[in-house]
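**Student:**
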Amino acid sequence: MLLVTCVAALGWGAIDLTAQQRGAADPIIGTWKLNLAQSKFPPGMPGVPRSQTEIYREASPGQLEMVLSRVQDDGATIELTLLWPMAGGAVQLLKGTRPPGETLVETRLGPGDWLVTYMMNGEQYGTLRKTISRDGTTMRQTFTGIVAGKPLELTFVVERQ
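The numbering used here puts the last residue of the sequence shown at 448; the count rises by one with no breaks.
What follows is the structure, encoded as structure tokens:
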């Protein structure tokens with residue numbers, strides 16, 4: 288079962304390297320709620336979220352934590368807590384379950400711009416681009432990949448709370 292956990296791209300602009308070097312908080316930090324009307328899922332896809340909240344926070348210096356809460360179309364709930372280096376790197380699962388053999392890597396492309404690489408048994412099967420709008424109010428997450436041998440594209444639009 289694919290549990291896509293994030294959202295992608297409106298463009299953030301030039302990367303402010305001095306802010307990154309100072310360790311400035313990434314604009315992803317905060318609480319985000321799914322705007323279902325603006326999100327796009329293939330017709331008939333199982334597990335489409337009814338609601339979803341993502342909370343990003345700096346868990347400790349240099350570590351970013353995401354808590355995901357989702358209610359799916361069948362009423363099932365999903366709770367995940369993930370942790371990765373603020374500069375990007377391997378994602379650790381702190382709470383919840385992921386498919387056996389699945390690994391995720393978060394790559395920070397710039398402030399408010401992340402790329403998640405999804406792998407199964409060491410082979411990449413998809414990416415998720417998370418990009419925050421210039422005004423910081425909307426994050427678009429676009430998953431592109433091959434799932435169960437078929438191309439899949441999902442767009443999650445989440446709004447800052």
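Cβ atoms here follow ideal geometry from the backbone N, Cα and C, with glycine treated the same way.
Mind checking which residues open and close the beta strand (DSSP E) that includes K382?
**Tutor:** Q379 to K382 is the span of the beta strand (DSSP E), which, as asked, contains K382.
**Student:** Assign S326 to one of three DSSP states: helix, strand, or coil.
**Tutor:** Looking at S326 - three-state DSSP - the assignment turns out to be coil, as it is neither helix nor strand.
**Student:** Below 8 Å between beta carbons: does that hold for K327 and L441?
**Tutor:** Yes, they are a contact pair.
**Student:** Helix or strand or just coil, what does DSSP make of T390?
**Tutor:** In the structure shown, T390 sits in a strand (DSSP, three-state: E or B).
**Student:** Go through its chain and collect everything with a Cβ distance to V444's Cβ below 6 Å, but skip five positions before and after it.
**Tutor:** N322, Q325, S326 and R427, listed in sequence order.
**Student:** Report the rounded CA-to-CA distance for P398 versus D313, giving the unit in angstroms.
**Tutor:** Computed Cα separation, rounded: 5 Å.
**Student:** Leaving out five residues on either side along the sequence, give the residues of the same chain with a beta carbon under 8 Å from the beta carbon of Q350.
**Tutor:** Hits under 8 Å: L370, W371, P372 and M373.
**Student:** Any idea what DSSP makes of R309, helix, strand or coil?
**Tutor:** Its pLDDT being 39, under 50, R309 is placed unreliably in this model, and the value from its coordinates should be taken loosely. If DSSP states are grouped into helix, strand and coil, R309 belongs with the helices.
**Student:** Report the option in M332, Q359 and I315 whose CA atom is closest to the CA atom of A435.
**Tutor:** It is M332 whose Cα lies nearest to the Cα of A435.
**Student:** Please return the same chain residues whose Cβ sits closer than 7 Å to the Cβ of G432, not counting the five positions on each side in sequence.
**Tutor:** Excluding residues within five positions, the ones whose Cβ falls inside 7 Å are Y405, Y412, G413, T414 and L439.
**Student:** Below 8 Å between beta carbons: does that hold for G409 and E393?
**Tutor:** No, they are not a contact pair.
**Student:** Using C-beta distances below 8 Å, list every residue in its chain close to R447, excluding the 5 sequence neighbours before and after it, in chain order.
**Tutor:** Around R447: G317, T318, W319, G423, T424, T425 and M426.
**Student:** Would you mind listing the alpha helix (DSSP H) stretches within the stretch 337 to 377 that are 4+ residues and don't spill past its ends, in chain order?
**Tutor:** Segments of the alpha helix (DSSP H) lying fully in the stretch 337 to 377: there are none.
**Student:** Keeping to the same chain, check which residues put their C-beta closer than 8 Å to that of D361; ignore five residues upstream and five downstream.
**Tutor:** Around D361: P333 and G334.
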